[in-house]
Structures are given as structure tokens and as C-alpha cells.
Amino acid sequence: MVRPDNGELLSIFRLFFDSSPQETKIISTSCGVNDFRETILATWDSGERYVLKLADNDFTFPAKIETWQQCAKSYRALGYYCPAILCSKKHDFPIVHYKDHSCVAWAEEYATYATAEARGGENTAFPMAQRREYMLDAFVMTAKIAAMQLDFTAYPSGYCLFERFAPSDASDEVLDNACQWKAYADTLPAAFQKQIARIWQRWTENRRQLQQIYPRLSTSVFQADLNPTNILLDENGKFAGILDFNLCGRDVFLNYLFREIYWIADVDEEIAYLLSVLQKVSAVYRFSALEIEAAPLLYRCLKPLWFTKLEKLKAAGADAQAIQDSLNETESLQTRPIDFVHIMRKVAPRSCGD
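Residue 779 is where the sequence shown starts when you use this note's numbering, and the numbers rise one by one after that.
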């Protein structure tokens, strides 16, 4: 933490607070030239701490931040902790000039709990050993939000399918990943091209079938980024809540759920964990017949050509056996039976409709 001496930054702080902080720490979360973001952790002489955030990109703007505010209130209403998102003293989210950017600015309470990443510290075995357990609690929270069927925004989440999250996006992320996989696979030796064509034809047909029923699936408004930097744990390592709503938006519950389970490398382990999640959340969420029908289509749309599969294919290099193993795994994900029906037919106390 350093004493703030940036007049530009201090003037922004004064839009939100009556006094200037004694110390600040700036964290850049920018992602490319068209996505400028900074988080400023601030401490006052009194010991009070707040967070100031600035963003210049095409998916962060005042109306979107109002959606985040409302979504965070919904999570808090269920008993989960979320830092409050604060507007300026003029009750808005001002556009400010900062480091040659035109940024939208907002403030947040400093989180009461530490993130899962911070709780793990240098001991990486801690978060991985407990991640499955605290994520189960996070998924139950998500299921409760899904059961509320929140409808206060039309903005899609960062995980959206069949639509773009930001105007600058060429497509949804799943289609983008699949196209990148296909572009690389097309450069592989001719001996693999018949299987590659079969995988691609199966994937596009599966996506077409999913698209026919996807608009009829139940939606809600989700935080949409359950990674270790956003999951909050208490001092005993138990799930307490979440922060960071910058990907928040309307989404299909199953899409969100399947997308958040991405960190288990072994396919069999991932499927087993996915089914355990579906079983766990069925205690608070009743899956509709349409959701049960969509589950295998959605799984086969999301998982086979995800970016991790492209990374594995690239890592194979010129090793023909490694390439073959990667393609076989991808094709297996497209065809293997998964007993979604048995798990998802469990009856929960809250109905979400068919």
C-alpha cells in the first residue's frame, strides 16, 4: 500500500467519499487495449477500507452496474455475503477521465471475508483439496437464485450462449472456442481429417438441436464467475459468499452450472462431480422436463471443443499417438451416455415450471 499522490485519482475518490484515503494499492485487471480495468484498494486513517473500481470497455456502463447492484441484493436476501456496490455522492456511476481513458467509476465495500485464493496462500493443496466442497455450497446458492427466476435485466451473462456478451464479441465464447479448435484441427495431417470432419459435423448438429429448445429454458440473473478470486470463505474455509459481478447477467441455469465446472482435468472425475452437483442442487431446484432434455445436448455443446481440448491438441505437437488420443477423447465426450435423467428427475420443494 502506498500513499496516494495522483491528483486525478484523488479527485475520483472525492466523488464517492468526503475525505481522501491515506493509502492505496492499484491492481490492474485489464485485458487487452480495448478492456482497461483497475481496482484500487483504499485505506483511511480511521481504518475504514473501500474499493474503487474503474473500467473502460464496451461491457461496463452505468446501467449494467445497476444490474449488478440489484443482483447482489438478491444474493444477500438469501443470506449470502456480497460486498455492497456503492454509487457516488450524487447517486450515480460517473464517467471520469483517468490515465487517458474515459472510465465508468463505482465503489464497493471492502469484503469482510477472504477469497478462496487468499485462504489458500502458497499452499496450493488447500484450495484444490477443498474446492469441490465449497463449490457445492456455491452451486446450491446458484440453484436458489435460479429458482427465483429473476427477470430484472435483459443483459446476458458473460457465459451466454447463442448471443453476444459485448458488442465487440464476434460470437458467444463457446462457438468461438469451437471455431478455434476446428481451425487448428484443419492443419493436422490428412490421416486425422476424416475423424475431425466427423467430430465437427456432430458438434454443429448437436448445437443446432440445442438452439431449437434453448430459448424456452428457464433463466435467472447470476453473478456468473465462481472462480477462487471471487469465492469468499470464512476462517474455517467454509463458503460465505461471493464478490465481483462484472460478468453478471441473465442466463440459463444449466448453462451456468455446466460452465462453472471446468477445473477438473480428468473427464470421468468431472462427470462424476457434475452429477453430484446436479443431485445436490435438486434439493432446492426442480428441473423441468425441457431442462432434462437439454442437459446432454448442452454438455456436448460445451465440453468437447472447449479451450482446454484445443490446448491438449496443440500440446500433442507432431506426436501422432497423442493427437489420436486427444481426438478420441473429444469424440468420446460427444457420444458417451451420461445418466442425467436419473439425477435430474428428483423432486425439489421449489418448482421452476416446465
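Even for Gly, the Cβ is constructed at its ideal location relative to N, Cα and C.
Spatial neighbours of residue i in its chain, beta-carbon cut-off 6 Å, leaving aside the 5 residues before and after
| i | result |
| --- | --- |
| F794 | S866 and A885 |
| T838 | V882 |
| Y1034 | Y937 and F1000 |
| R815 | T807, S808 and A833 |
| L787 | none |
| D813 | N835 |
| Q1057 | I1121 |
| L1021 | P861, A889 and N1008 |
| Q848 | F930 |
| R1078 | N984 and Q1112 |
Secondary structure of residue i, DSSP reduced to three states
| i | result |
| --- | --- |
| D915 | helix |
| F1118 | helix |
| V1045 | helix |
| S806 | strand |
| R1128 | Bear in mind that the predicted position of R1128 carries a pLDDT of just 49, short of 50, making it unreliable; the figure below should be weighed with that in mind. R1128: coil per DSSP, three-state reduction. |
| E881 | A small fix is needed here, since residue 881 is Cys in this sequence, not Glu. Strand, per DSSP. |
| E1013 | coil |
| V1062 | coil |
| G898 | helix |
| F1000 | strand |
| Y888 | coil |
| L1105 | helix |
| I790 | helix |
| R1078 | helix |
| G1019 | strand |
| F814 | strand |
| L1025 | coil |
| Y1040 | coil |
| E801 | strand |
| Y858 | coil |
| L988 | helix |
| L864 | strand |
| W959 | helix |
| P840 | helix |
| D954 | helix |
| Q927 | coil |
| L939 | coil |
| F1085 | helix |
| A1094 | coil |
| T965 | coil |
Identified DSSP bridge partners for residue i
| i | result |
| --- | --- |
| R827 | T821 |
| V1030 | T997 |
| H875 | S880 |
| P934 | R1028 |
| T893 | L1010 |
| A833 | R815 and V882 |
Residue i versus residue j: straight-line alpha-carbon distance, rounded
| i | j | result |
| --- | --- | --- |
| Q987 | A1018 | 38 Å |
| P1082 | Q1102 | 15 Å |
| R792 | P840 | 18 Å |
| L1052 | L914 | 10 Å |
| E895 | Q908 | 11 Å |
| I850 | M919 | A small fix is needed here, since residue 850 is Ala in this sequence, not Ile. A850 and M919: Cα-Cα distance of roughly 12 Å. |
| P945 | R985 | 22 Å |
| Q823 | P799 | Per the sequence presented here, residue 823 reads as Asp, with Gln not at that position. Each residue's Cα considered, the two are about 7 Å apart. |
| A963 | S949 | 20 Å |
| P1115 | L1075 | 11 Å |
| S789 | K868 | 14 Å |
| P967 | V1055 | 40 Å |
| V1030 | E983 | 20 Å |
| T845 | T931 | 7 Å |
| Q927 | S797 | 41 Å |
| F970 | A1073 | 29 Å |
| A1002 | E801 | 31 Å |
| R1123 | A1043 | 27 Å |
| I1049 | G825 | 46 Å |
| R827 | V1119 | 48 Å |
| D1132 | K842 | For D1132, the predicted model reports a pLDDT of 46, less than 50, meaning its position is unreliable and no value from the coordinates is stated. |
| A1100 | I974 | 15 Å |
| K803 | Q990 | 48 Å |
| G1015 | P1006 | 12 Å |
Cβ neighbours of residue i in the same chain (closer than 7 Å, five flanking residues each side left out)
| i | result |
| --- | --- |
| E1038 | L1004 |
| P934 | E941, F943, G1027, R1028 and D1029 |
| R910 | Y1051 |
| D1012 | Y891 and A1018 |
| R854 | C860 |
| L1080 | V952, F1036 and R1037 |
Cβ-heavy atom distance, residue i to the ligand MN, below 7 Å
| i | result |
| --- | --- |
| I873 | You won't find the ligand MN in this model; it holds no ligand whatsoever. |
Same chain, Cβ closer than 8 Å to residue i, neighbours up to 5 away in sequence not counted
| i | result |
| --- | --- |
| K1092 | Y962 |
| Y1040 | W1084 and T1086 |
| L1025 | S935, G936, Y937, F943, Q1001, A1002 and D1003 |
| L864 | F794, Y828, W884, A885, E886 and E887 |
Cβ pair count under 8 Å reaching 3, the segment 953 to 973 against the segment 1083 to 1094
yes
Meets three-Cβ-pair contact criterion under 8 Å: the segment 868 to 880 and the segment 979 to 997:
no
With three or more C-beta pairs closer than 8 Å as the rule, is the segment 850 to 863 touching the segment 916 to 933?
yes
Evaluate contact between the segment 1107 to 1116 and the segment 1060 to 1071, counting only Cβ atoms and requiring at least three cross-stretch pairs below 8 Å.
no
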